[in-house]
Amino acid sequence: MKQNVTVLIPAFNEGKNIRDTLVGLKGVKEVNQILVIDDGSTDNTCQIVEAFSEVTLLKQGKNLGKGAALKRGILEALDKADIIVFLDADTKNTSNEIKKLITPIINEITDVAIAKFPPPKIKGGFGFVKSLAETGVYFHTGKTLTTSLSGQRAFHRDVLKNIAIDSKGFGVEIAMTIDILKKGYRVLEVEVAMSHRETDRSVEGFIHRGKQFIEVFKVIYLKKLQRMN
Numbered sequence: 075m076k077q078n079v080t081v082l083i084p085a086f087n088e089g090k091n092i093r094d095t096l097v098g099l100k101g102v103k104e105v106n107q108i109l110v111i112d113d114g115s116t117d118n119t120c121q122i123v124e125a126f127s128e129v130t131l132l133k134q135g136k137n138l139g140k141g142a143a144l145k146r147g148i149l150e151a152l153d154k155a156d157i158i159v160f161l162d163a164d165t166k167n168t169s170n171e172i173k174k175l176i177t178p179i180i181n182e183i184t185d186v187a188i189a190k191f192p193p194p195k196i197k198g199g200f201g202f203v204k205s206l207a208e209t210g211v212y213f214h215t216g217k218t219l220t221t222s223l224s225g226q227r228a229f230h231r232d233v234l235k236n237i238a239i240d241s242k243g244f245g246v247e248i249a250m251t252i253d254i255l256k257k258g259y260r261v262l263e264v265e266v267a268m269s270h271r272e273t274d275r276s277v278e279g280f281i282h283r284g285k286q287f288i289e290v291f292k293v294i295y296l297k298k299l300q301r302m303n
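My numbering applies: residue 75 is where the sequence shown begins, and numbers increase by one.
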């Protein structure tokens, strides 16, 4: 039986990337619906999305964070979708690689598929955020994953019905990963030929990674407090 697949794309000021990302999805025949959740963009993101008649645009009105955008998309998609895919707006023409995440769920190999990206092309941080995320996942679940920060992932609908989306910022992926593993769902890391915007070793890059580190640490610590109560 054919399964309905919905792709959720949270977007904030992605006018430079969103068109190519949507064009890339046209070649993925498994996808039935695309929802772009605009998180209060101030550029031309919405105008570009509106030019795609087959894409549904949901407007947040103001910037509430990636987690809040995904939560709105999930609520919109759950009624019809059997499989829900998270996709970052800056994957551009490599967005068609999500087929590799959808297929193992259709074939009932896994409940969740997470994209494993190739090594970065430019030097970014020193791996502190990634190491923190991997350590946090292992601490809470006893499982080792290298992709707990990846924003490209596909879920069977039952998974998303059974976990909470509480984090609004950069910690949303790791919070979900911990909950998914603790509930015993199968998680498959899938190598993909995807690319997205990479942060370098500029001041802006370090600020971005600093914010990400704080959000990830916050999630890990709050999960620890929950275990103690």
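Backbone N, C-alpha and C define an ideal beta-carbon position, used for all residues, glycine too.
Spatial neighbours of E263 within its chain, please: CB distance less than 7 Å, with the 5 preceding and 5 following residues excluded, ordered by chain position.
The residue you call residue 263 lines up with position 189 of the sequence shown. Hits under 7 Å: I188, K190, L219, T220 and T221.
To the nearest angstrom, how far is it from the Cα of V159 to the Cα of T80?
If you number the sequence shown from 1, residue 159 lands on position 85. If you number the sequence shown from 1, residue 80 lands on position 6. Straight-line Cα distance between these residues: approximately 6 Å.
For chain B, find out if any of its Cβ atoms is closer than 7 Å to the Cβ of V123; answer yes or no.
Protein chains in the displayed structure number just one, and chain B is not present.
In three-state DSSP terms, what is L144?
Counted from its first residue, the sequence shown places residue 144 at position 70. In the structure shown, L144 sits in a helix (DSSP, three-state: H, G or I).
Which of the three DSSP states is assigned to L255 in this structure?
Counted from its first residue, the sequence shown places residue 255 at position 181. Helix, per DSSP.
Starting from V110 and walking both ways along the beta strand (DSSP E), at which residues does that stretch end?
Against the sequence shown, residue 110 aligns to sequence position 36. V110 -> beta strand (DSSP E) spans Q107 to D112.
Taking N87 and T119 to be in contact with their CB atoms under 8 Å, please state how far apart those CB atoms are, rounded to whole angstroms.
Taking the sequence shown and counting its residues from 1, one reaches residue 87 at position 13. Taking the sequence shown and counting its residues from 1, one reaches residue 119 at position 45. Going by Cβ atoms, the distance from N87 to T119 rounds to 6 Å, so yes, they are a contact pair.
Tell me whether N170 is buried or exposed, calling it buried when 16 or more other Cβ atoms sit within 10 Å of its Cβ.
Here residue 170 refers to the residue found at position 96 when the sequence shown is read from its first residue. So N170 counts as buried.
Taking only the alpha-carbon atoms, compute the straight-line gap between I252 and Q134 and give it to the nearest angstrom.
Walking along the sequence shown from the start, residue 252 turns up at place 178. Walking along the sequence shown from the start, residue 134 turns up at place 60. Cα-Cα distance, rounded: 27 Å.
Do you know how far the Cα of S269 is from the Cα of T168?
Counting from 1 along the sequence shown, the entry for residue 168 is found at position 94. Counting from 1 along the sequence shown, the entry for residue 269 is found at position 195. When rounded, the distance between both Cα atoms is 6 Å.
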